[in-house]
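So the structure is just underneath, and the comments pick up after that.
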Amino acid sequence: MLPRVCVIGAGSSGIAAAKALRQDGFDFDCFEKSDRVGGNWVFKNRNGMSSAYRSLHINTSRERMGFPDFPMPKSYPDFPHHTHIAAYFDAYVDHFGLRERITFETGVERAAPVPGGGWEVALDDGRTLRYDALMVANGHHWDARWPEPAFPGSEAFAGVQIHAHEYTGEDPGFFRDKRVVVLGMGNSAMDIAVESSFSAAATYLAARRGAWVIPKYVFGRPLDQISTQAGVPFRLRQRFMQTVLRMAVGDMERYGLPKPDHRPLEAHPTVSDDLLSRVAHGEIAPKPNIARLTERTVVFADGSEVDADIVIYCTGYKVTFPFFDPDVISAPDNDLPLFRRVFHPVHAGVYFIGLLQPLGAIMPLAAAQSEWVCDHLAGRYALPAPAELRADIERERARMFKRYVASKRHTMQVDYDDYLADLRRERRRGAERARASLAAAA
Ligand SMILES: Cc1cc2nc3c(=O)[nH]c(=O)nc-3n(C[C@H](O)[C@H](O)[C@H](O)COP(=O)(O)OP(=O)(O)OC[C@H]3O[C@@H](n4cnc5c(N)ncnc54)[C@H](O)[C@@H]3O)c2cc1C
Ligand SMILES: NC(=O)c1ccc[n+]([C@@H]2O[C@H](COP(=O)([O-])OP(=O)(O)OC[C@H]3O[C@@H](n4cnc5c(N)ncnc54)[C@H](OP(=O)(O)O)[C@@H]3O)[C@@H](O)[C@H]2O)c1
């Protein structure tokens, strides 16, 4: 008597959930808005939610991003193009026989807990269905976060203002001979500023805070494949990263970029092999934050002013669940406290897959989370007592907020290897709890 499960979304997280459910013999439905799997990795996805641009390559290496039971082909480069990644997710779905279990072009419009247990799910085809459990995998990089509030004068600016989410890189003439201001120091800003720098008349990279720009390779190997052991004390890992950065790139101020107000590994990694080179070649000019816009110019916080035709806000994403009543489940300022980023502390039967920001790739973590949820749904895993669970959530949150720079982008950070080791440990603990409660009941 396994519970009946609904999976929302068939991006990489949703297909990992579907695979775990299928493997364990659950009766489940997986609803996907789009006509295909892969979510963000489907360039110009029909769901309108993908933030991919034509030139996008992954910045977490192939070995770290592939699902453990279905590695990416060896023929792939270390940092494949988005077309490779989308094809890989398609192959995963076919390999595990999941395609016929996914209902495409069907969105979940509303999901609400039913008094007494279970969830009611309303679909955009007019059907309303009942499930015992929900696995939520709707992604968290599609709802653009514009600067809040908008910069003074932005309504008077005569040029183009877009968010990174809208940037597709399709029009080769988009940046040509234009004066472009890119705002942000995350990975979108790095990629887009570099791309602009090859054809624009001028590219300015504006930032309210500095970042450590981490190379993809050191010592001839993808950096994320070096020192991948769990349990290494944070200070030691930080010292290692500081040493690597000192040798590989040196001080950010040396390039004219703002000095980071934090040490390495205290912010989500900004990874680029090209940004520092383009700055060093004078093709990207660093600037402080935008202070205001006029009809034709951008004025920065240091009072400098440049003519501008295009402003691209690479200011991140909002975590939203349009199908939940916000009074029931929401993530104000991107913050949704969960037990080990999966279990809701109040609502039973709802599980979040891939709703985390690892230093490393999301996919193997989403797969481990899915197996963990299946353990729970099958009765092989029991949660800690509610008070203990809440205390654990608070402990983890306090640790994360203490380590990371205060920002809406740092609300769900985890360390890849430590997180996987943690889940393994927790699954063992919960299995013992489940056995003990069965024994007590017998
Ligand atoms: C530009 C960019 C580059 C990135 N690069 C990397 C990287 O190199 N490595 C990495 O690990 N991560 C990267 N990320 C993070 C990214 O979030 C993950 O790679 C991955 O896409 C997460 O998969 P997901 O399934 O959780 O979400 P998504 O890929 O967003 O998929 C969500 C799916 O759910 C569906 N859906 C949403 N709402 C509904 C609904 N109501 N009903 C039905 N279906 C619904 C969508 O149609 C979509 O198919 C990047 C993000 C961006 C924006
Ligand atoms: N090649 C790739 O694989 C690739 C490419 C793009 C994106 N990604 C991934 O996609 C996710 C989103 O990345 P992202 O770069 O789009 O967003 P992000 O990581 O959230 O970065 C947003 C940036 O904008 C800044 N910012 C936010 N609001 C601002 C404001 N009002 N004024 C000035 N600056 C502001 C932030 O500064 P603070 O730090 O001060 O908040 C930060 O520098 C990440 O997981 C990233 O790794 C990957």
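Our numbering puts the sequence shown at residues 232 to 673. Glycine included, every Cβ here is placed at the ideal spot set by N, Cα and C.
Contact between Pro304 and Ile289 is absent: CB atoms are separated by about 14 angstroms, not below the 8 angstroms threshold.
C-alpha of Gly417 to C-alpha of Ala424: approximately 11 angstroms in a straight line. By the beta-carbon neighbour count (other beta carbons within 10 angstroms, threshold 16), Ile457 is exposed. Using a cutoff of 7 angstroms, the CB of Asn276 does not count as near ligand 2, since none of the ligand's heavy atoms is closer than that. Taking C-beta atoms under 8 angstroms as the contact rule, Val444 and Val480 qualify, at a distance of about 6 angstroms. For Phe320, the enclosing alpha helix (DSSP H) starts and ends at His313 to His326. Per DSSP, the unbroken beta strand (DSSP E) holding Phe531 starts and ends at Thr528 to Phe531.
Under the criterion of beta carbons closer than 8 angstroms, Ile543 and Ile393 qualify as touching, at roughly 6 angstroms. Per DSSP, Asp356 is not a residue of any beta strand (DSSP E), being assigned neither H nor E. Under DSSP, Gln644 takes part in a beta bridge, and its partners are Gln588. Cβ-Cβ separation between Pro453 and Ser292: approximately 4 angstroms, consistent with a contact (criterion under 8 angstroms). Between Leu586 and Glu526, the alpha-carbon positions lie close to 39 angstroms from each other. For Glu340, no alpha helix (DSSP H) segment is defined; the enclosing uninterrupted segment is the beta strand (DSSP E) at Val339 to Pro344. Comparing alpha-carbon positions, the option among Arg640, Thr528 and Val273 lying closest to Lys409 turns out to be Thr528. Between the region 248-266 and the region 328-343, the count of C-beta pairs closer than 8 angstroms reaches three or more; the two stretches touch. For Gly357, the shortest separation between its Cβ and any heavy atom of ligand 1 does not lie below 7 angstroms.
For Thr291, the CB falls within less than 7 angstroms of some heavy atom of ligand 1. In this structure, Tyr435 and Lys518 form a Cβ contact; the two beta carbons are roughly 5 angstroms apart against a cut-off of 8 angstroms.
Judged by the Cβ position, Met280 fails to qualify as a neighbour of ligand 2 at the 7 angstroms threshold, every heavy atom of the ligand being at least this far. The beta carbons of Glu484 and Tyr635 sit no closer together than 8 angstroms. Using a cutoff of 7 angstroms, the CB of Ala498 counts as near ligand 2, since one of the ligand's heavy atoms is closer than that.
Judged by their CB atoms, Asp455 and Gly297 are not nearer to each other than the 8 angstroms cut-off. The region 621-673 contains, as complete beta strand (DSSP E) runs of 3+ residues, the segments 644-646 (chain order). Rounded to whole angstroms, Leu620 and Gly348 show a C-alpha spacing of 20 angstroms. The Cβ atoms of Ala364 and Pro234 lie closer than 8 angstroms to each other. Trp350 carries a strand assignment under DSSP once its states are collapsed to helix, strand and coil.
Nearest to Pro299 by alpha-carbon distance, out of Phe429, Arg376 and Lys250, is Lys250. One thing to note: Pro576 has its Cβ no nearer than 8 angstroms to the Cβ of Ile521. Per DSSP, Gln460 is not a residue of any alpha helix (DSSP H), being assigned neither H nor E.
Secondary structure at Cys605: helix, using DSSP grouped into helix, strand and coil. A heavy atom of ligand 2 is found nearer than 7 angstroms to the CB of Val636.
Of the heavy atoms belonging to ligand 2, at least one sits nearer than 7 angstroms to the Cβ of Asn418. Counted as a single uninterrupted DSSP element, the alpha helix (DSSP H) harbouring Thr474 occupies residues Phe465 to Ala479.
Distance from Ala343 to Ile239 at the Cβ level is roughly 13 angstroms; contact not present, criterion being Cβ atoms closer than 8 angstroms. Burial state of Gln460 is exposed, judged by a 10 Å Cβ sphere holding fewer than 16 other Cβ atoms. Arg630 sits exposed, since fewer than 16 C-beta atoms from the chains shown fall within 10 Å of its C-beta.
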